[in-house]
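S.K.: Counting in numbering that gives the first Met the number 0, the sequence shown runs from 0 upward without gaps.
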Amino acid sequence: MLDVQTTWKGMDQTQVLIFTEDLGLSCGFPFEVGREYLVYASYWDRDVLETHICSRTAELINATDDLQVLGSGNPPSHSVEIVWTQRLIPYGAIGILILAGVAILFLAIQKKRRNT
0 MLDVQTTWKG MDQTQVLIFT EDLGLSCGFP FEVGREYLVY ASYWDRDVLE
50 THICSRTAEL INATDDLQVL GSGNPPSHSV EIVWTQRLIP YGAIGILILA
100 GVAILFLAIQ KKRRNT
């Protein structure tokens, strides 16, 4: 979730959810807490706003050329407070649970073979 200070096109909210892929395997943008960004986002494959490293999204201090072209922009006119309620289970935890299930199944089969 990002706090919006200035808008140019299409966005008029004080907060917005921006989706970006995982950095390890794809083109996700490396946002850092406490920094300011000029974000270029759009609706691509999903029904959510997305950005990536191939967009012009950049840390604000590195976006002076874009800001000159865009002009001063406008403050957001619609005040919102987004509460993120979705809980994500890390893929590693899911993998461990699957491996544990396979191990339990293997041990049960081995025990049954010994008893017959």
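Note that CB positions come from ideal geometry on N, CA and C, so glycine has one too.
Name the DSSP beta bridge partners of residue 2, please?
M.R.: In DSSP, residue 2 forms a bridge with 14.
S.K.: Which of helix, strand or coil does DSSP assign to residue 102?
M.R.: Reduced to three states, the DSSP call for residue 102 is helix.
S.K.: So what does DSSP say about residue 57, is it helix, strand or coil?
M.R.: It is a strand residue.
S.K.: DSSP beta-bridge partners for residue 73?
M.R.: Paired residue(s): 6.
S.K.: At the level of alpha carbons, what is the spacing between residue 3 and residue 106?
M.R.: Spanning the two alpha carbons is a distance of roughly 55 angstroms.
S.K.: Going by C-alpha to C-alpha distance, which of 76, 100, 20 and 68 sits closest to residue 51?
M.R.: With distances taken between Cα atoms, residue 51 lies closest to 20.
S.K.: What number of angstroms, rounded off, separates the C-alpha of residue 39 from the C-alpha of residue 111?
M.R.: C-alpha separation (whole angstroms): 60 angstroms.
S.K.: Between residue 69 and the rest of its own chain, which residues show a CB-CB distance below 6 angstroms, the 5 nearest in sequence each way excluded?
M.R.: These residues qualify, in order along the chain: 7.
S.K.: What separation, rounded to the nearest whole angstrom, lies between the Cα atoms of residue 57 and residue 79?
M.R.: Roughly 24 angstroms between the two C-alpha positions.
S.K.: When you compare only the Cα positions, how much space is there between residue 72 and residue 101?
M.R.: So the two alpha carbons sit approximately 56 angstroms from each other.
S.K.: Report, in whole angstroms, the separation of the C-beta atoms of residue 66 and residue 35, which I expect to be a contact under 8 angstroms.
M.R.: Wrong, their Cβ atoms sit about 11 angstroms apart, outside the cutoff.
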